[in-house]
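Sequence order for the protein chains is Z and L.
Every letter in the first sequence is one number past the one before it in this note's numbering, and letter 124, counting from 1, is 124.
Numbering-wise, this note's numbering comes out as the position in the second sequence, counting from 1, plus 1000.
What follows is one structure encoded as structure tokens, with my remarks underneath.
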Amino acid sequence: MQILAETNLFDFDLVIKQIPDLLKYLPVTLELAALAMCIGIVLGLLLAVIRLKKIPVLRQIAAFYISIIRGTPAIVQLYIAYFGIPMFLKYMNLNHGTNFDISAFPGFACAVFAMGFNESAYNAETIRAALGSVDRGQIEAASAIGMTYPQMLRRIILPEAMTVALPGLGNSFIGLIKGTSLAFTCAVVEMTAQGKIMGGRTYRYFEVYVSLAIIYWAVTIIVEQLLKFLERRLELPEQIDKAATSEAERQEEKEAENYKYDSDTKFEKKLSEQYST
Amino acid sequence: MIAIRNLKKSFRNNTVLDGIDLDINKGDVVGIIGPSGTGKSTLLRCIDRLETPEEGEITIDGKTIPLSKHDRKQTLELRRQTGMVFQRFNLFERKTALENVMEGLVTVQKKSKQEAKELAMQELERVGMSAWSEHYPKHLSGGQQQRVAIARALAMKPQLLLLDEPTSALDPELVGEVLETIRSIANEGFTMLLVSHEMSFVRNVANRVIFLDNGKIVEDGTPEEVFEHPKSQRAKDFFAKMYLMKQPEYTI
């Protein structure tokens, strides 16, 4: 450390000192991640249901979409959104008489869409596996009482699939938080972008990246804890409170008398005699 | 009266139901017996449209519904008039006993929460499970789960209750409570189709017994007729095998 301090090779104080400046941009990072995750889950669920229910035409489109998204790098998708969306709006203005203000279209929205779509392709597979894991018997029981598929999905399948999907979705959310560092390509100044700007001012790039690493890590730890908490919330209680149980057991004993079913031995004996000859 | 006409179902080349015709009077308790693999469960599942038969129609409540066609509205209507009790209970695992029974009342019959809760408690009372209303299925024994499942089916006030081997997945000591529950609802006048391997129970509770073999109805009559004076050789063989097994291994 002595040598480092004398030569000023690594300025540890700076690492700590610039964290508050970087943290000012944490909300942008989190907003990006949260909005993209919302798109990713809604679209992912849609894709998963399409693939699971094998809806014709839509199913092929979904498979094609997932293949493209998973087969191209996120940064390329961000560039395509950033250049493509304004071009599309311009095309609409020219050919369909709409009046979009292209220059006012925020890069932030481009980044949210690009990352949301990217996320949806991966979530689709996680959600599909989770939906598929729900016991068929419960689905049959729900159909047997006359529930429609949307009712079943909302009230029976999703609550159960959620517990299965949560670790996978949490994983991809953590990935997404870090993935937002690519949003600079869409001219969005989030945490990493701000870090680059600050590094450019002081030429202390190494320090700034160490600061960023610390922040991202801390955020990830917090998210991990939140997920753990959520998972615990979704668990069914292990034990119903004791008073209710013992009350129920007392009643059970009382009723046990009525539930003694004695099989008709006389009848069985008679038949066995009849058929054994 | 409920009438089933020309019900045909096959899996690949294996014909499971070969033109079943069946008339069920209101309040009838029809026991369906027969060797395994002869389509007893498939018959029930086709009636509830959990399987789609190739041919066949059902007349229930004055309306004729083709079973072989995919018509969402008619399928829902049919399912709302029939109730199903499964071999493996199939309770909703993330709902308490009470919520299991309430589910159909709230989502399908659009009753208010309060009304649904009252009705559901009545049904749980009927099967002797009201003290366990706040328990999740995983806290209940198999017999208790099956009784909740029966309450869930009854709560929908079905015209026809289908019971698909309701005691086959239970420990022997839990069979009694479920059979007793079924007997008490049979006495209340529900129309039921009951697939079961509990022969003496079927004889006791059913007023009509059907023997299925190779997708056809081989015997059809009162329990006395079918069990004690079967006309077909197939049924005779079946009972003989069944009761041979129950005999003591040796007698002195």
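Each residue gets a CB set at the ideal place from its N, CA and C atoms; glycine is no exception.
In this text the structure is predicted, and so the values were computed from the model without any measurement.
Return the first residue and the last residue of the beta strand (DSSP E) that residue i is part of.
{"i": "R1005(L)", "result": "I1002 to F1011"}
{"i": "V1195(L)", "result": "M1192 to V1195"}
{"i": "L1163(L)", "result": "L1160 to D1164"}
Select from the options the residue whose C-alpha is nearest the C-alpha of residue i.
{"i": "M1129(L)", "options": "K1117(L), Q1144(L) and L1174(L)", "result": "Q1144(L)"}
{"i": "E31(Z)", "options": "A104(Z), D13(Z), A63(Z) and A111(Z)", "result": "A111(Z)"}
{"i": "R1072(L)", "options": "V28(Z), L43(Z), V208(Z) and Y149(Z)", "result": "Y149(Z)"}
{"i": "R1045(L)", "options": "Y1136(L), K1009(L), T1064(L) and I1150(L)", "result": "K1009(L)"}
{"i": "A63(Z)", "options": "I50(Z), V210(Z), T72(Z) and P73(Z)", "result": "I50(Z)"}
{"i": "F1201(L)", "options": "E1224(L), V1218(L), G1189(L) and G1215(L)", "result": "E1224(L)"}
{"i": "M142(Z)", "options": "I1058(L), L1091(L), D1171(L) and L1154(L)", "result": "The residue you asked about is not Met; residue 142(Z) is Ala in the sequence shown. Of the candidates I1058(L), L1091(L), D1171(L) and L1154(L), the one whose C-alpha sits nearest the C-alpha of A142(Z) is L1091(L)."}
{"i": "K1138(L)", "options": "F1089(L), K1157(L), L1154(L) and A1155(L)", "result": "F1089(L)"}
{"i": "L1067(L)", "options": "P1053(L), I1210(L), E1077(L) and W1132(L)", "result": "P1053(L)"}
{"i": "E1051(L)", "options": "T1059(L), A1186(L) and K1040(L)", "result": "K1040(L)"}
{"i": "R1094(L)", "options": "R233(Z), E273(Z) and K269(Z)", "result": "R233(Z)"}
{"i": "V15(Z)", "options": "L236(Z), Y203(Z), V164(Z) and P237(Z)", "result": "Y203(Z)"}
{"i": "S190(Z)", "options": "N8(Z), P56(Z), F12(Z) and D21(Z)", "result": "Reading the sequence as shown, one finds Glu at residue 190(Z) and not Ser. For the residues N8(Z), P56(Z), F12(Z) and D21(Z), the minimum Cα distance to E190(Z) belongs to D21(Z)."}
{"i": "E1228(L)", "options": "V42(Z), V208(Z), Y209(Z) and E273(Z)", "result": "E273(Z)"}
{"i": "I68(Z)", "options": "T180(Z), R154(Z), A114(Z) and A36(Z)", "result": "A114(Z)"}
{"i": "V164(Z)", "options": "T126(Z), G179(Z) and A81(Z)", "result": "T126(Z)"}
{"i": "I1032(L)", "options": "L1076(L), M1192(L), Q1159(L) and V1108(L)", "result": "M1192(L)"}
{"i": "M1084(L)", "options": "E1177(L), K1110(L), R1234(L) and G1104(L)", "result": "G1104(L)"}
{"i": "V76(Z)", "options": "F229(Z), N118(Z) and I156(Z)", "result": "N118(Z)"}
{"i": "M87(Z)", "options": "A74(Z), G97(Z), I102(Z) and L78(Z)", "result": "I102(Z)"}
{"i": "G283(Z)", "options": "Q151(Z), N95(Z) and L182(Z)", "result": "Because chain Z here runs from 1 to 277, residue 283(Z) falls outside it and cannot be looked at."}
{"i": "G71(Z)", "options": "M92(Z), A121(Z) and L153(Z)", "result": "A121(Z)"}
Going along chain L in order, which residues have a C-beta closer than 7 Å to the C-beta of residue i?
{"i": "P56(Z)", "result": "Here the premise fails: no neighbours, minimum Cβ distance about 14 Å."}
{"i": "E231(Z)", "result": "Neighbours of E231(Z) on chain L: none; closest Cβ ~14 Å, over 7 Å."}
Using a C-beta to C-beta distance shorter than 7 Å, which residues of chain Z count as neighbours of residue i?
{"i": "T1107(L)", "result": "M147, Q151 and R155"}
{"i": "A1240(L)", "result": "Y275"}
{"i": "M1084(L)", "result": "A144"}
Looking only at DSSP bridge pairs, what is residue i linked to?
{"i": "K1216(L)", "result": "D1213(L)"}
{"i": "L46(Z)", "result": "Its beta-bridge partners do not exist; DSSP assigns none."}
{"i": "D1018(L)", "result": "K1008(L)"}
{"i": "G1221(L)", "result": "V1209(L)"}
Can you pull the chain Z neighbours of residue i, defined as C-beta to C-beta under 9 Å?
{"i": "L1050(L)", "result": "E140, S143 and A144"}
{"i": "R1080(L)", "result": "I145 and G146"}
Taking Cβ-Cβ distances shorter than 8 Å, what residues in chain Z pair up with residue i?
{"i": "K1138(L)", "result": "L236"}
{"i": "G1019(L)", "result": "Per Cβ cutoff of 8 Å: no residues; G1019(L) is ~25 Å from chain Z at best."}
{"i": "R1088(L)", "result": "G137"}
{"i": "M1156(L)", "result": "I145 and G146"}
{"i": "G1104(L)", "result": "I145, G146 and M147"}
{"i": "L1076(L)", "result": "G146 and T148"}
Name the chain L residues that come within less than 8 Å of residue i, Cβ to Cβ?
{"i": "P86(Z)", "result": "In chain order: nothing, as chain L lies at least about 43 Å away."}
{"i": "P159(Z)", "result": "R1094"}
Which stretch, first to last residue, makes up the alpha helix (DSSP H) that contains residue i?
{"i": "D279(Z)", "result": "Given that chain Z is displayed from residue 1 to residue 277, the structure contains no residue 279(Z) and the question cannot be resolved."}
{"i": "Y65(Z)", "result": "L58 to R70"}
{"i": "F83(Z)", "result": "A74 to H96"}
{"i": "S120(Z)", "result": "G107 to G132"}
{"i": "F1201(L)", "result": "M1199 to V1205"}
{"i": "A1116(L)", "result": "K1113 to R1126"}
{"i": "I1185(L)", "result": "P1172 to N1187"}
{"i": "L1154(L)", "result": "G1142 to A1155"}
{"i": "V1106(L)", "result": "A1097 to T1107"}
In chain L, which residues lie less than 9 Å from residue i when you measure between Cβ atoms?
{"i": "S133(Z)", "result": "Result: empty, since nearest Cβ-Cβ is about 12 Å, beyond 9 Å."}
{"i": "S120(Z)", "result": "Ordered by position in chain L, no residue passes the 9 Å Cβ test against S120(Z), which lies about 26 Å from the chain."}
- Message: Quick check for students: name the residue ranges of the alpha helix (DSSP H) that lie wholly in the stretch 137-219 of chain Z, counting only runs of 4 or more.
- Response: If we require 4 residues or more, the alpha helix (DSSP H) runs fully inside the stretch 137-219 of chain Z come out as 149-152, 158-179 and 191-202.
- Message: Please give the ranges of any alpha helix (DSSP H) in the stretch 1022-1094 of chain L, keeping only runs that are unbroken, at least 4 residues long and fully inside the region.
- Response: DSSP runs (the alpha helix (DSSP H)) wholly in the stretch 1022-1094 of chain L: 1040-1047 and 1072-1081.
- Item | Chain-ordered residues of the stretch 1183-1212 of chain L with a beta carbon less than 7 Å from chain C | Protein chains Z and L are contained in the structure displayed, whereas chain C is not.
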